[in-house]
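Student: For the record, in the sequence shown the residue sitting at position 121 is 120 according to numbering that gives the first Met the number 0, with numbers rising by one throughout.
No residue lacks a Cβ here, since even glycine has one placed at the ideal position from N, Cα and C.
Since the structure is predicted, the reported quantities are computational estimates derived from the model, not experimental observations.
Quick one: this structure, given as structure tokens, is what I'll be asking you about.
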Amino acid sequence: MTLNGKIAFISGGASGIGAATARRFVAEGARVALADLQDDKGNALARELGDAAFYVHLNVTSEDSWRAAVDAAIKRFGGLTTLVNSAGISVPATIEQESLEGFRRTIAINLEGTFLGCKFGVAALKGQKGAAIINVASTLGAKAGAIFVSYSASKGGVRMLTRAVALHCAEQGYDIRVNAILPGAIHTEMVEGYIAAGIAAGGTREAVIEGFASVHPLKRLGRPHEPADAIVFLASDQSSYITGIDLPVDGGYLA
Ligand SMILES: NC(=O)c1ccc[n+]([C@@H]2O[C@H](COP(=O)([O-])OP(=O)(O)OC[C@H]3O[C@@H](n4cnc5c(N)ncnc54)[C@H](O)[C@@H]3O)[C@@H](O)[C@H]2O)c1
């Protein structure tokens with residue numbers, strides 16, 4: 000198993016890519032702290048995964064919440080080797096539709112939340128061997144979308160944040176690699192929200208899904224285990240010479 004001995008903290012671990020990552024991590028021998036706002040879903044997943052998993056409440060926008068959640072995970076498992084920043088939101092809006100309040104909310108969760116995750120992650124992981132931070136950015140942080148003004152800005156920020164933290168860890172001689180993944184459209188609750196919006200605008204479910212699939216060269220949506228598999232690789236010692244990258248997991252979208 001590729002993650003034997005790893006102990007991971009996963010923000011956004013109750014749903015979608017974060018939940019799929021928790022399942023794959025446990026299957027690969029890791030222990031995981033699932034952290035999210037959705038306590039019922041998070042607790043249910045932790046129960047399903049058994050002794051290797053534990054759920055803790057986290058609001059990624061709050062420094063106090065990060066401190067308490069990371070402390071609880073360290074208390075439970077005796078330390079952390081791995082941090083996955085998957086918590087995020089996506090509220091489609093153009094520059095003419097978006098409010099400053101909406102922009103700030105997306106930046107607070109997606110970018111500041113990942114900044115805090117990296118900050119607490121580096122503090123918790125330095126001194127460990129084979130440590131890794133993996134940030135879930137997006138293809139929309141590399142190729143902008145007109146109706147994703149706040150989301151594209153936040154995820155572009157996550158890409159550069161990732162590189163700056165990777166360079167810092169390397170310069171300090173910490174054994175912490177820091178990478179991002181760039182998922183394309185992955186069929187999770189987030190994309191279900193887009194599908195619902197498409198149906199509300201008059202499309203059929205099939206036509207809306209086909210619309211998302213058609214812009215990806217592999218002509219389908221991604222499945223949550225597919226970005227999770229990339230995160231497993233970046234968390235494992237099999238990627239020991241890889242730091243500061245952003246890995247597309249996007250069915251060829253950025254090719
Ligand atoms: N699904 C996609 O197509 C896609 C594509 C590219 C990137 N992403 C990114 O992947 C990550 C996971 O998204 P997903 O598709 O699994 O969506 P999801 O909605 O299934 O999961 C997101 C999780 O983040 C949690 N969250 C939101 N705000 C939070 C906060 N303030 N504090 C703590 N947790 C919070 C939610 O409760 C939820 O459990 C996000 O960062 C998203 O931007 C998703």
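(1) Below 8 Å on the Cβ atoms is my guess for residue 179 versus residue 134; work out the distance and round it to an integer in Å.
(2) Report, in whole angstroms, the separation of the C-beta atoms of residue 9 and residue 85, which I expect to be a contact under 8 Å.
(3) Tell me the residue span of the alpha helix (DSSP H) that contains residue 174.
(4) Which runs of the alpha helix (DSSP H), 4 residues or longer, sit entirely within the region 184 to 229?
(5) Taking 7 Å as the cut-off, decide whether the C-beta atoms of residue 44 and residue 18 are in contact.
(6) Applying the criterion that 16 or more other CB atoms from any shown protein chain within 10 Å of the CB defines a buried residue, is residue 81 buried or exposed?
(7) Contact defined as beta carbons within less than 8 Å: I believe residue 59 pairs with residue 139. What is the distance between those atoms, to the nearest angstrom?
(8) According to DSSP, residue 130 sits in a beta bridge with which residue or residues?
(9) Under 6 Å Cβ to Cβ from residue 127, same chain only, skipping five residues before and after it: list those, please.
(10) Smallest Cα separation from residue 51: which of 244, 201, 1 and 27?
(11) With hydrogens ignored, establish whether the beta-carbon of residue 170 is closer than 6 Å to any heavy atom of ligand 1.
(12) Grab me the residues of residue 229's own chain with a C-beta within less than 6 Å of its C-beta, minus the 5 sequence neighbours each way, in chain order.
(13) Which same chain residues, not among the five before or five after residue 66, have their C-beta less than 8 Å away from its C-beta?
Tutor: According to the structure data:
(1) Working through the sequence shown from its first residue, we reach residue 179 at position 180. Working through the sequence shown from its first residue, we reach residue 134 at position 135. Right, the Cβ-Cβ distance comes to about 4 Å (below 8 Å), so this counts as a contact.
(2) To locate residue 9, count along the sequence shown from 1; it is residue 10. To locate residue 85, count along the sequence shown from 1; it is residue 86. The Cβ separation is near 6 Å, so the contact holds.
(3) What you label residue 174 is simply residue 175 of the sequence shown in a count that begins at 1. Segment: none, residue 174 is in no alpha helix (DSSP H) and carries neither H nor E.
(4) 188 to 199 and 204 to 213
(5) Position 45 of the sequence shown, counted from the start, is the residue given in the question as residue 44. Position 19 of the sequence shown, counted from the start, is the residue given in the question as residue 18. Yes, they are a contact pair.
(6) Along the sequence shown, one-based indexing puts residue 81 at 82. With 16 or more other Cβ atoms within 10 Å, it is buried.
(7) To locate residue 59, count along the sequence shown from 1; it is residue 60. To locate residue 139, count along the sequence shown from 1; it is residue 140. Not quite, the Cβ-Cβ distance comes to about 19 Å (not below 8 Å), so this is no contact.
(8) Within the sequence shown, numbered from 1, the residue matching residue 130 stands at position 131. Answer by DSSP bridge pairing, in chain order: 175.
(9) Position 128 of the sequence shown holds residue 127. Taken in chain order, the residues that qualify are 80.
(10) If you number the sequence shown from 1, residue 51 lands on position 52. Checked all of 244, 201, 1 and 27; the closest Cα to residue 51 is 27.
(11) Indexing the sequence shown from 1 puts residue 170 at position 171. For ligand 1, not one heavy atom lies less than 6 Å from the Cβ of residue 170.
(12) Taking the sequence shown and counting its residues from 1, one reaches residue 229 at position 230. Cβ within range, chain order: 180, 246 and 248.
(13) As a working note, residue 66 is residue 67 in the sequence shown. Here the set comprises 119.
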